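*Asks:*
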Amino acid sequence: MRTDMNSMYVSPYLSVLCDQTGRIRGVQDRTGKLDTIWLEDSMLEQKAGTPRYVDFRTAANGGKGSNGNDGLSPSTPLLTMAAAITALQDYDSIGFIGRCTESGLTITETGIHIYGMGRHFGAQCIWNPSADAVALTLQGKGFMASNFKAEAGETTAFIKAHRTSGTINPADLWLVNIEGNTGQYLLEAVDIDNVHLINVFGHDMNTPIRCVNGE
3 MRTDMNSMYV
13 SPYLSVLCDQ
23 TGRIRGVQDR
33 TGKLDTIWLE
43 DSMLEQKAGT
53 PRYVDFRTAA
63 NGGKGSNGND
73 GLSPSTPLLT
83 MAAAITALQD
93 YDSIGFIGRC
103 TESGLTITET
113 GIHIYGMGRH
123 FGAQCIWNPS
133 ADAVALTLQG
143 KGFMASNFKA
153 EAGETTAFIK
163 AHRTSGTINP
173 ADLWLVNIEG
183 NTGQYLLEAV
193 DIDNVHLINV
203 FGHDMNTPIR
213 CVNGE
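Take 3 as the starting number for the sequence shown in the numbering used here and just add one per residue.
1. Are the beta-carbon atoms belonging to Lys143 and Asp174 less than 8 Å from one another?
2. Going straight from the alpha carbon of Thr110 to that of Trp176, what length do you get?
3. State yes or no: is the C-beta of Tyr55 within less than 8 Å of the C-beta of Ser75?
4. Where do the N-terminal and C-terminal ends of the beta strand (DSSP E) with Ile180 fall, by residue?
5. Kindly indicate which three-state DSSP category Thr139 falls into: helix, strand or coil?
6. Should Ala159 and Leu140 be called a contact, given that it needs their Cβ atoms to be closer than 8 Å?
7. Do you know offhand how far Asp92's Cα is from Asp195's?
8. Can you look up Ala62 in the DSSP assignment and give me helix, strand or coil?
9. Less than 8 Å separating the beta-carbons of Ala154 and Ile180?
10. Restricting to Cα atoms, I'd like to know which of Leu81, Glu156 and Phe150 is closest to Arg121.
11. DSSP three-state label for Thr5, please.
12. Measuring only the C-alpha atoms, how far is Ser167 from Arg27?
13. When we look at the beta-carbon of Gly100 and count the other beta-carbons within 10 Å, is it buried (16 or more) or exposed?
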C-alpha cells in the first residue's frame with residue numbers, strides 16, 4: 003500500500019516504536035527499505051497538561067523514585083503518589099510503576115489521568131493500600147484510571163466518587179483496563195453521571211462496581 007504523504011511507503015511489516023512512557027515515537031520497516039522512521043512532534047498526539055511520573059520500585063529492582071526529583075520524566079520520577087497528586091493541575095497525568103500502598107488521597111482537579119506504565123495491568127503496576135481506607139476520593143470531573151491492578155480495603159471502596167450539593171461533581175469518570183482484586187468495591191459512585199467502564203475485570207471482590215442514582 004502507498005500513501006502520497008511525503009512519498010512514504012507504508013508496509014504491513016511496520017513495527018511501532020514507543021518511548022518509556024508508551025508514546026509512539028516512530029515506526030520500523032523490517033523489509034529493509036526504510037529502517038527507522040522517527041515521527042516529528044507535530045505528527046504526534048498532543049494533550050493538555052503536564053505528564054508526571056512515580057516509581058515505587060526499590061533501587062535493586064531498577065527504581066529511580068525520589069521526592070527530591072521533579073517527577074517530570076520517567077528518569078526523574080517521584081517516590082510517592084501523594085507528592086504527584088499535590089503537584090497536580092488540571093489535565094495533568096500520572097504514570098506509575100511498581101506497588102503503591104497509599105490511601106486517603108483526594109483529587110480535585112479536572113481531567114486527571116492516572117495510569118500504570120507496565121506492559122499490561124497487574125504484573126508491574128499495583129495499587130494496594132496498606133490501610134483499610136479509600137485510596138482515592140474524586141472531587142473533580144473527567145478523571146480516568148487505566149492499566150493497573152487495584153486492590154480495595156476489606157470494608158471500603160478503592161475509588162469513591164460522590165456528588166455533594168452542587169459543589170463537588172466528579173462526573174465523566176472512566177475506568178479502562180483495570181483489574182479489581184479483593185476488598186469491598188473497586189468503585190463506589192453516588193449521584194454521578196457518565197461512568198464509563200472499559201475492560202474492567204473484577205474478582206474476589208464483594209461488589210466490583212457500586213453506582214447509586216447515576217448513569
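The C-beta atom is built at its ideal place from N, Cα and C for all residues, glycine as well. None of the values given here were measured: they were computed from a predicted structure.
*Replies:* According to the structure shown:
1. As a first step, residue 143 must be located in the sequence shown, where it is residue number 141. As a first step, residue 174 must be located in the sequence shown, where it is residue number 172. The answer is yes: Cβ separation under 8 Å.
2. Residue numbering aside, residue 110 sits at position 108 when the sequence shown is read from its first letter. Residue numbering aside, residue 176 sits at position 174 when the sequence shown is read from its first letter. When rounded, the distance between both Cα atoms is 16 Å.
3. The residue labelled residue 55 in the question sits at position 53 within the sequence shown. The residue labelled residue 75 in the question sits at position 73 within the sequence shown. Yes. Within cutoff.
4. Counted from its first residue, the sequence shown places residue 180 at position 178. For Ile180, the uninterrupted beta strand (DSSP E) run begins and ends at Leu175 to Asn183, by DSSP.
5. Counted from its first residue, the sequence shown places residue 139 at position 137. Thr139 falls in the strand class under three-state DSSP.
6. Residue mapping note: residue 159 aligns to position 157 of the sequence shown, counting from 1. Residue mapping note: residue 140 aligns to position 138 of the sequence shown, counting from 1. No. Outside cutoff.
7. In the sequence shown, residue 92 corresponds to position 90, counting from 1. In the sequence shown, residue 195 corresponds to position 193, counting from 1. Their backbone Cα atoms lie some 20 Å apart in a straight line.
8. Within the sequence shown, residue 62 is the residue found at index 60, counting from 1. Residue state, collapsed to three classes: helix.
9. On the sequence shown, residue 154 is found 152 positions in, with the first residue counted as 1. On the sequence shown, residue 180 is found 178 positions in, with the first residue counted as 1. No, the pair does not count as a contact, with Cβ atoms beyond the cut-off.
10. As a working mapping, residue 121 is identified with position 119 in the sequence shown. Closest by alpha carbon: Phe150.
11. Here residue 5 refers to the residue found at position 3 of the sequence shown. Confidence is the limiting factor: at Thr5 the pLDDT is only 40, short of 50, which leaves the residue's position unreliable and the question unanswerable from this model.
12. For the purposes of this step, residue 167 is taken as residue 165 along the sequence shown, with counting starting at 1. For the purposes of this step, residue 27 is taken as residue 25 along the sequence shown, with counting starting at 1. For Ser167 and Arg27, the distance between alpha carbons rounds to 45 Å.
13. As a working note, residue 100 is residue 98 in the sequence shown. Buried: at least 16 other Cβ atoms inside 10 Å.
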